[in-house]
Amino acid sequence: MIYSEFIMDYSKLKKFHGKIENAHRIEEGKNLSCGDEVTLYFLFDGDKISDVKFEGHGCAISQASTNAMIEQLIGKTKEEAFEILKNVENMMFGRDFDDQLLGPVTNFYDVKNYPMRVKCFLLPWKTLELALNGEGKKPLKE
Amino acid sequence: MHSTEWSDEAFCRIIQEFPVLNREVNGKRLVYLDNAASTLKSRTVISKMTDFYLNHYSNIHRAVHTLASEATTEYETAREKVARFINAQSEEVVFTSGTTMGINALVNSLVRSGMLREGDTVLISQVEHHANLVPWIRLSRFFGFKVEYIEADNTGTITTDSILTAKSRVNNPKVVSITGQSNVTGQVMPIEFIRETFKDAILIIDGAQLIPHKKIDVKALNSDFLVFSGHKMIAPTGIGALYGKRALLERLEPFLYGGEMIDKVTFEDVTFNVLPYKFEAGTQDIGGAVALGYTIDYLESLGFENIQRCIEELSKYLLEELSKLDFVEIYGPRDETHQSLVSFNLDGVHPHDVSQVLDEDFGIATRSGHHCAQPLMSVLAKGSRIDFPNSTVRASVYFYNTKEDIDILIEGLKYVKRWFG
Ligand SMILES: Cc1ncc(COP(=O)(O)O)c(C=O)c1O
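Structural data, given as structure tokens:
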């Protein structure tokens, strides 16, 4: 069963929902095949990710994934965020990964058995990747 | 309960034709409601195709040996069956790999033949599948014709008013290319009215969704071209057909060049083979074509009118039962023009989640997504009273489905709504 209690709970979390007005970085992600959209807002404190919020809509998997990702990211450095991202991808593609680094995100372990839903889970992570690689650029939209 | 079109005996035989219907999915009997994407395959058609491949197969048209002659006869017999099925002549039927291939070939051929030129207008509708949308949009960039739309209302429905509005806006379209039935809204299009309204245009019908359950008579419709796929009417994947009026096919430049489509080739020039071979370059999907012929035999053995009435009965039931659920938003027309499939959303639940739970807990196969009609999603969003997710759930029936299947779907949807609250 893909809809574990964790996923159901996290899909309904509200605390990371919203906009950050003076965000340092704004990144939009889309899954065209299902219409899911997410916009991530980042606030940095030096090298640290001090706050993240999101807007958008999507299925329970993508919503829960976004919430768990944000929870895990806040307080981490950009370098640590890259490391988490790499391990998330390893987990999805059946490779070795460091579960210490992933914390609550390990609750999505079974999603890899649902090939059609992997992209739902990865939507916020792919968007994070864009944001991290776009480092130093201005926000995409004001 | 199965459709009243079938006796218990007849339905029992139908069920035995589709062994996968006896399969369990996630511990439940499979309820297959994804027929608009592709239908199940039948024992008779597949075993006859297997027999053809194992005992009669060879390449066609090219050799004088016995197998070549048997295979050629089977292949040409299949063409005759397709022709009869749509009331055409054999030489007006070209085998293709399916609807997408048919439309791409037509757009290219029309341009190459000068039948569609810079400055001309092509009229399509806002509900077209990407197969009848993307080729026009892209090739209009290269060749300078314009693409205009018959607009859908905010339920995604094409009305006679919107057709007349398009007529007054678009001066004499050269080509009108329209789906026979929308794969999103389920609407069976008023083709006769469109033909009547655009008398001088070249009319192309995308028959992908319509032909599996409704008789298409190309002569009665006065259609210039018709394209369709076999896999949505229980034939194998990879085979379909393109019909064109003989006079038009004769003027039309081929899309693919190569072996078998030629008459005389020199180092300088080429003349083409006669119809329909001029459009069948290269080694064809011989087994697929033959199987399409067997498919028509099988559908006709059930009585195609019976299939049509069965789908009408199941469609009506599906639409009625879904309408009773107050948390469900339905797209498309709310009358008998809405056939064989229904797209809908559950207020507050994403279509992917709906389909996933239906599969996991009920063994029901449905489709969720934009159904290869992305621009139409923005039209439906305008009429939506919920937080529209840019996609829908779609349930679609074929003649082996039952009212019980629909009842299970309704139970499933109630459960999904409770589960996601
Ligand atoms: C209305 C319509 N047109 C075209 C197509 C494309 O058919 P195919 O994928 O068989 O080429 C489909 C199938 O999805 C369809 O529903």
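Line order of the protein sequences matches chains G and Z.
Start counting the first sequence at 3; every next residue gets the next number (this note's numbering).
Start counting the second sequence at 196; every next residue gets the next number (this note's numbering).
Heads up, the beta-carbon is just placed ideally off N, CA and C, and yes, glycines get one too.
Contact annotation: L509(Z) and E287(Z) have beta-carbon atoms that are not nearer than 8 Å. In this chain, the beta strand (DSSP E) harbouring G564(Z) covers R562 to G564. Put simply, the CB of G96(G) is far from chain Z, with every gap to its CB atoms at 8 Å or more. When Cβ pairs closer than 8 Å are counted between the two stretches, the stretch 464-473 of chain Z is seen not to touch the stretch 322-338 of chain Z, the count staying below three.
Distance check between K276(Z) and each of E495(Z), Y610(Z) and E599(Z) places E495(Z) closest, using alpha-carbon atoms only. Sorting V302(Z), D492(Z), I581(Z) and H408(Z) by C-alpha distance to the C-alpha of M244(Z) places D492(Z) at the top.
Below the 7 Å Cβ cutoff, chain G contributes G37 as neighbours of N585(Z), in chain order.
When rounded, the separation of the alpha-carbon atoms in F522(Z) and Y116(G) is 27 Å. Listed by position in the chain, the residues whose beta carbon lies within less than 5 Å of some heavy atom of ligand 1 are G293(Z), T294(Z), T295(Z), H324(Z), A326(Z), T374(Z), N378(Z), D401(Z), A403(Z), Q404(Z) and S424(Z).
For A361(Z), the CB contacts under 8 Å within the same chain, skipping 5 residues up- and downstream, are L318, E343, Y344, I345 and E346 in chain order. In chain order, S35, C36 and G37 make up the part of chain G whose C-beta sits under 9 Å from the C-beta of G564(Z). Among the CB atoms of chain G, none fall inside 8 Å of the CB of M296(Z). Identification of residues in the stretch 230-264 of chain Z having a C-beta nearer than 7 Å to some C-beta of chain G yields an empty set. Annotation: A231(Z) is outside any alpha helix (DSSP H) and is labelled neither H nor E by DSSP. A Cβ-Cβ contact shorter than 8 Å links A70(G) with Y12(G). At a cut-off of 8 Å between beta carbons, A25(G) makes no contact with chain Z.
The C-beta of A62(G) comes closer than 8 Å to at least one C-beta of chain Z.
If you ignore the 5 residues before and after P546(Z), its C-beta comes within less than 8 Å of the C-beta of N540, S563, G564, P584, S586, T587 and V588, all in its own chain and listed in chain order. When 8 Å is used as the limit between beta carbons, I4(G) is near these residues of chain Z: Q551 and E555, in chain order.
DSSP places T129(G) within a helical segment (H, G or I) once states are collapsed to three.
For D556(Z), the enclosing alpha helix (DSSP H) stretches over residues P546 to F557. For E57(G), the enclosing beta strand (DSSP E) covers residues K50 to H59. For E29(G) against L45(G), the beta-carbon gap comes to about 13 Å, at or over 8 Å, which does not count as contact. Taking 8 Å as the upper bound for CB-CB distance, F280(Z) and V306(Z) are not in contact here, some 29 Å apart. Residues of chain G whose Cβ lies closer than 8 Å to the Cβ of D548(Z) are, in chain order, Y5, C61, A62 and I63. Between the alpha carbons of A484(Z) and I434(Z) lies a gap of roughly 6 Å. D38(G) and K32(G) have their alpha carbons spaced roughly 6 Å apart. Distances from the CA of T199(Z) to each of Y595(Z), I603(Z) and D395(Z) were compared; the closest alpha carbon is that of Y595(Z). Look at H324(Z) here: in three-state DSSP terms it is coil, with no helix or strand label. I406(Z) sits away from K236(Z), with the two beta carbons spaced by 8 Å or more.
The DSSP-derived three-state label of G578(Z) is helix. Within its own chain, the residues whose Cβ lies closer than 7 Å to the Cβ of L103(G), once the five positions on either side in sequence are excluded, are E85, I86 and N89, listed in chain order. Residue burial is scored here from C-beta neighbours: E219(Z) has fewer than 16 other C-beta atoms within 10 angstroms and is therefore classed as exposed. Minimum Cα-Cα distance from I4(G) among the listed residues T561(Z), D554(Z), L575(Z) and K609(Z) corresponds to D554(Z). In the structure shown, G309(Z) falls within a coil segment according to DSSP collapsed to helix, strand and coil.
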